[in-house]
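Read left to right, the sequence shown gives residues -12 to 306 (my numbering).
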Amino acid sequence: MGKTKKIKIIVVTGPTATGKTALAVRLARTYDGEIISADSRQVYKGLDIGSGKDIQEYGDVPYHLIDIVEPSGEYNLMRFRNEVPGIILNIDERKKIPFIAGGSVLYIDSILSEYTMPGSAPVTLLRESLQKLKIEELVGQFAGQLQNQQDLRNKNRLVRIIEKTVSEGQGAKPMPFQPEYLVIGVFYERKQVHSRIEERLDKRLKNGMVEEVEHLHNQGVLWERLEFLGLEYRYLAFYLQGKMSFNEMRRKLLEKIRQFAKRQDIWFRKMEREGHPIHWVREGNWEKASGLVELFLSGKELPSPELTISNIYYGKKTS
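Shown next as structure tokens:
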């Protein structure tokens, strides 16, 4: 099968707590698709509530790259980048529509920008982007690469580990087909996102997230490893070890997740700036999202995005 084969791929993304999974599942069910999860933590078994798997939402919609690695195992950016093309081909061969859904923006960018071999421009852009992230965000996005406590404290070390994964060992091959993308983003005003984050956090705490982390530890997952698996698992591990009170844990976690959402917007801005248009759908509006999908699948020209993250949060250029 040559590079000349064209495959239409629909990406559904957005900041954390915006309901992108629910929208992606509804679209996939309506248009006979399957979902490829682009979430750096949902690959791990047992990380359910804290990673927001929401498996019950999928129903009869097939999904990929969820619950495929033990919590002590490794999963990284380039493994994702290497596995996704084969999954897309398999979905396409069965006459289904591939949907990539999730909020690990660098995972999505690795597909859209086709991160490939050492020294390529995308890898250079990756390095520049990593330098802009905070330590907590690097840990949350790349848990699979981190193996010891030193990794948590040294940003330059974190960046080198991630860059090495991209630049060595598993240099990804070019896509074996010609992808055509529709990228849909779920948009809420920042105040709404902050409110939704708080509501979701309290719901997860009430529904057993603390017990989930405690169970993982009782099953043999070390506290140090849990601290590598993203914000929720890190701060809940601190709480369960008695390093902070429940209220302090909740306050800190809320603060960090909101900061993470803001940083996601910076990544989306980067994607827009580098030529990957994102069709932002306010509050996940179904009519707007499904209308875009129908145009895309029918081969009709898509309209220009109605809004961009750059214009909303950073202002329009004046020159």
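A virtual CB, placed ideally from N, CA and C, is assigned to each residue, including glycine. Quick caveat, the model's predicted, so the values are computed rather than measured.
Rounded straight-line distance, which links the Cα of residue j to that of residue i
| i | j | result |
| --- | --- | --- |
| L223 | V30 | 20 angstroms |
| G369 | S232 | Absent from the structure is residue 369, since the part of the chain shown begins at -12 and ends at 306. |
| G156 | K275 | Residue confidence is low: G156 scores 41 on pLDDT, short of 50, so the model does not pin down where it sits. No coordinate-derived value is stated. |
| T8 | G89 | 7 angstroms |
| L213 | L289 | 43 angstroms |
| L10 | G278 | 13 angstroms |
| H204 | P166 | 42 angstroms |
| L76 | K(-7) | 10 angstroms |
| L241 | L145 | 24 angstroms |
| M258 | I98 | 12 angstroms |
| K193 | I36 | 11 angstroms |
| E211 | E44 | 31 angstroms |
| V280 | P2 | 20 angstroms |
| M236 | G217 | 14 angstroms |
| T295 | L14 | 22 angstroms |
| P161 | K230 | 46 angstroms |
| M(-12) | I(-3) | Model confidence at M(-12) stands at a pLDDT of 47, short of 50, so the residue's coordinates are unreliable; what they give is reported in the following sentence. For M(-12) and I(-3), the distance between alpha carbons rounds to 21 angstroms. |
| E61 | I55 | 10 angstroms |
| I74 | Q228 | 40 angstroms |
| F225 | R147 | 26 angstroms |
Reference residue i; option with closest CA among the options
| i | options | result |
| --- | --- | --- |
| N143 | F164, P163, L117 | L117 |
| R183 | P290, T5, H204 | T5 |
| E273 | F174, I53, I(-6) | Here residue 273 is Trp; the residue named in the question, Glu, does not match the sequence. When only C-alpha atoms are compared, the closest one is F174. |
| G207 | I53, P58, S91, K193 | P58 |
| K(-5) | L240, Q179, L282, S291 | L282 |
| G46 | Y62, E21, I55, G37 | E21 |
| S291 | G262, Y62, G217, V180 | G262 |
| D19 | K40, T3, P49 | P49 |
| D41 | N63, T17, V12, I55 | V12 |
| D309 | S297, L209, F164 | Residue coverage of the chain in this structure runs from -12 to 306, which leaves residue 309 outside it and unanswerable. |
| R177 | I244, L52, I74 | I244 |
| V71 | P163, E270, T17 | P163 |
| R238 | H181, Y62, S91 | H181 |
| T0 | R260, G286, E270, K160 | E270 |
| I93 | G73, N141, E293, R256 | With the sequence shown as reference, residue 93 is identified as Leu, and Ile is not the correct amino acid for it. With distances taken between Cα atoms, L93 lies closest to R256. |
| S38 | Y220, L227, G286, Y226 | Y220 |
Where residue i falls: helix, strand or coil (DSSP)
| i | result |
| --- | --- |
| I23 | strand |
| R269 | strand |
| K178 | helix |
| E288 | coil |
| I84 | strand |
| V56 | strand |
| S(-5) | The question names Ser, yet the displayed sequence has Lys at residue -5. K(-5): strand per DSSP, three-state reduction. |
| E101 | coil |
| Y45 | coil |
| E61 | coil |
| P166 | strand |
| Y222 | helix |
Residues that DSSP places opposite residue i in a beta bridge
| i | result |
| --- | --- |
| G172 | T0, W267 |
| Y94 | According to DSSP, which records beta bridges pairwise, Y94 is partnered with nothing at all. |
| H204 | According to DSSP, which records beta bridges pairwise, H204 is partnered with nothing at all. |
| K31 | It is Tyr, not Lys, that sits at residue 31 in the sequence shown. Answer is V56. |
| Y50 | I22 |
Would you say the region 74 to 86 touches the region 241 to 261, given that touching needs at least three Cβ pairs under 8 angstroms? Contact annotation: the region 74 to 86 does not touch the region 241 to 261, with fewer than three C-beta pairs closer than 8 angstroms.
Sufficient close CB pairs (3 or more, under 8 angstroms) joining the region 158 to 172 to the region 261 to 268: yes
Do the region 178 to 188 and the region 198 to 211 make contact, defined as three or more Cβ pairs closer than 8 angstroms? no
Are the region 14 to 29 and the region 61 to 74 touching, with three or more C-beta to C-beta distances below 8 angstroms? yes
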